[in-house]
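Read top to bottom, the protein sequences are chains E and R.
For the first sequence, the positions run 1 to 194 when UniProt numbering is used.
For the second sequence, the positions run 1 to 194 when UniProt numbering is used.
We put the beta carbon where it would ideally sit given N, CA and C, even for glycine.
Note that the structure is a prediction, hence the values are computed from the model and not measured.
2 protein chains.
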Amino acid sequence: MIEKLNKAFSKLPGVGSKTAQRFIYHLLERDRLGGLELAKALTDAMEKVKNCEKCRTLTEKNICEICSNDVRDDSQLCIVETPSDIHVIEQSGVYTGKYFVLSGYLSPIDGIGASELGLDELEVLLSNQSVSELILATNATIEGEVTAHYIHNLAKKYQIKTTRIAHGIPLGGELEYTDINTIAHALSGRKDYN
Amino acid sequence: MIEKLNKAFSKLPGVGSKTAQRFIYHLLERDRLGGLELAKALTDAMEKVKNCEKCRTLTEKNICEICSNDVRDDSQLCIVETPSDIHVIEQSGVYTGKYFVLSGYLSPIDGIGASELGLDELEVLLSNQSVSELILATNATIEGEVTAHYIHNLAKKYQIKTTRIAHGIPLGGELEYTDINTIAHALSGRKDYN
């Protein structure tokens with residue numbers, strides 16, 4: 001029984017057998033109620049959380065809270081790779097538009113093409129809705145860049161302006177310890193000082 | 001629903017809100033079945049795992065596998081602080097006797113006295129059973145030492161020999177980076193070279 005629980009915990013990212021053992025003894029010896037609550041919350045989430053019908057983020061409703069919030073700006077649409085990206089952008093508190101979640105990034109070698117990413121749904125959104133700016137917030141990886149480029153071309157068809165989030169030195173970062181590609185981006189993306 | 005699950009995960013030792021978020025998105029996006037299996041395994045363990053009637057370790061049976069194993073030596077009894085200590089000693093593969101699990105260590109200031117540790121049950125075991133050696137494997141902390149000392153005095157009453165696991169330089173350890181207390185233990189515990 002304990003071994004079975006150990007195996008189930010070990011499937012979580014970054015959790016090995018030793019960490020799992022630590023979780024298990026903690027729960028069994030000190031917090032059985034917490035263990036049962038975790039089991040209940042897990043079952044609920046696994047069974048009831050689905051994708052938002054508009055932006056495809058994870059939610060327990062048909063339309064997520066951000067999509068159904070009328071105060072938010074419909075004319076801005078921010079494209080992200082995963083629901084957790086929405087989470088961090090929301091925490092920054094500077095964005096008031098809406099989102100669209102891809103299912104990862106374009107990767108033809110893994111069989112992930114435009115339709116797997118949900119780009120067909122995005123195209124429907126672009127053709128129907130009053131989107132005036134598409135903000136490309138895919139990751140700063142090669143795959144993220146390729147995906148951003150592909151969506152930029154898609155948006156051109158509908159004469160929608162696309163922007164890409166800025167890449168440069170992270171706040172608190174020191175030039176000496178920053179990789180050369182980031183430095184190159186930071187230089188070519190320089191802005192007027194005011 | 002996701003926030004509730006986040007809170008439940010965050011109660012695990014060493015897991016904060018960010019790690020919990022990582023677990024949740026992993027399960028929701030890639031392994032819902034694994035999430036449900038984890039919930040099931042958790043419920044089973046929380047409801048069914050109890051303490052062994054003889055050695056007090058965690059088990060789903062009345063008497064644990066080690067206690068009910070007739071091949072193991074009844075004359076040696078190893079005292080440990082927690083069930084996970086049994087796990088590591090078993091992995092070392094050098095011990096073939098039985099165990100007794102304390103519920104932690106003596107700590108009068110926290111209201112943990114002899115009866116809270118299960119020392120009454122240990123005494124019953126010592127007076128009835130054919131134990132000829134009591135191996136004190138409590139932690140090498142002040143509390144562990146105090147607890148070992150207390151049990152040593154208890155065993156004296158029954159004329160049972162007590163031994164303490166060796167303290168010294170860990171394998172692969174370098175003297176330069178070893179704390180002075182460990183060095184002192186290693187020196188005073190030195191053995192004939194053969």
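Neighbouring residues, chain R, relative to residue i (Cβ below 7 Å)
i, result
"residue 49 of chain E", "1, 2, 28"
"residue 38 of chain E", "8, 9, 42"
Residue i, enclosing beta strand (DSSP E) - first and last residue
i, result
"residue 165 of chain R", "Looking at the DSSP string, residue 165 of chain R is not in any beta strand (DSSP E), and its letter there is neither H nor E."
"residue 105 of chain R", "That residue, residue 105 of chain R, is in no beta strand (DSSP E); it is neither H nor E in DSSP."
"residue 133 of chain R", "133-136"
Contact list for residue i against chain R, beta-carbon separation under 9 Å
i, result
"residue 76 of chain E", "Going along chain R, no residue has its Cβ under 9 Å from residue 76 of chain E, so there is no contact; the nearest lies around 24 Å."
"residue 91 of chain E", "Within 9 Å Cβ-Cβ: nothing; residue 91 of chain E doesn't reach chain R, min ~11 Å."
"residue 23 of chain E", "12, 13, 14, 15"
"residue 68 of chain E", "The contacting residues do not exist; residue 68 of chain E stays about 16 Å from chain R at best."
First through last residue of the alpha helix (DSSP H) which encompasses residue i
i, result
"residue 144 of chain E", "142-157"
"residue 4 of chain E", "2-10"
"residue 53 of chain R", "Run containing residue 53 of chain R: none; DSSP gives neither H nor E here."
"residue 139 of chain R", "Per DSSP, residue 139 of chain R belongs to no alpha helix (DSSP H) and is neither H nor E."
"residue 14 of chain R", "It is not in any alpha helix (DSSP H) - residue 14 of chain R carries neither H nor E in the DSSP assignment."
"residue 35 of chain R", "32-48"
"residue 171 of chain E", "From DSSP, residue 171 of chain E is part of no alpha helix (DSSP H); its letter is neither H nor E."
Three-way DSSP call (helix, strand, coil) for residue i in this model
i, result
"residue 73 of chain E", "strand"
"residue 219 of chain R", "Outside the shown range of chain R (1 to 194) lies residue 219 of chain R, about which nothing can therefore be said."
"residue 79 of chain E", "strand"
"residue 19 of chain R", "helix"
"residue 178 of chain R", "coil"
"residue 61 of chain R", "coil"
"residue 160 of chain R", "coil"
"residue 66 of chain E", "coil"
"residue 130 of chain E", "coil"
Partners in chain E for residue i, counting only beta-carbon separations shorter than 7 Å
i, result
"residue 11 of chain R", "31, 34"
"residue 84 of chain R", "21, 25"
"residue 41 of chain R", "4, 5, 8"
Proximal chain R residues relative to residue i, where beta-carbon distance stays under 8 Å
i, result
"residue 44 of chain E", "1, 4, 5"
Paired residues, beta bridge with residue i - DSSP
i, result
"residue 191 of chain E", "Answer is none; residue 191 of chain E lacks a bridge partner."
"residue 183 of chain E", "DSSP, once it has assigned bridges, lists no residue as partnering residue 183 of chain E."
"residue 112 of chain R", "R:107"
Contacts of residue i in chain E (Cβ-Cβ under 9 Å)
i, result
"residue 58 of chain R", "2, 24, 25, 28, 29"
"residue 170 of chain R", "Near residue 170 of chain R there are no residues of chain E at all, since even the closest Cβ is about 17 Å away, more than 9 Å."
Any non-hydrogen atom of the ligand MG closer than 8 Å to residue i Cβ
i, result
"residue 170 of chain R", "Of the ligands one can find in the structure shown there are none, so the ligand MG has no counterpart to examine."
Chain E contact residues for residue i, given Cβ-Cβ distances below 8 Å
i, result
"residue 87 of chain R", "21"
Report yes or no: do the stretch 43-63 of chain R and the stretch 33-51 of chain E share at least 3 C-beta pairs separated by less than 8 Å?
yes
With contact counted as at least three CB pairs below 8 Å, one residue from each stretch, are the stretch 50-62 of chain E and the stretch 98-113 of chain E in contact?
yes
Is it true that the stretch 72-84 of chain E meets the stretch 123-137 of chain E, where meeting means three or more beta-carbon pairs spaced less than 8 Å apart?
yes
At least 3 beta-carbon pairs within less than 8 Å: the stretch 110-122 of chain E vs the stretch 59-74 of chain E:
no
If we count Cβ pairs, one from each stretch, closer than 8 Å, do we get three or more for the stretch 143-157 of chain R versus the stretch 82-95 of chain R?
no
How do the stretch 171-180 of chain R and the stretch 150-157 of chain R stand: do at least 3 beta-carbon pairs fall below 8 Å, yes or no?
no
How do the stretch 9-16 of chain E and the stretch 14-26 of chain R stand: do at least 3 beta-carbon pairs fall below 8 Å, yes or no?
yes
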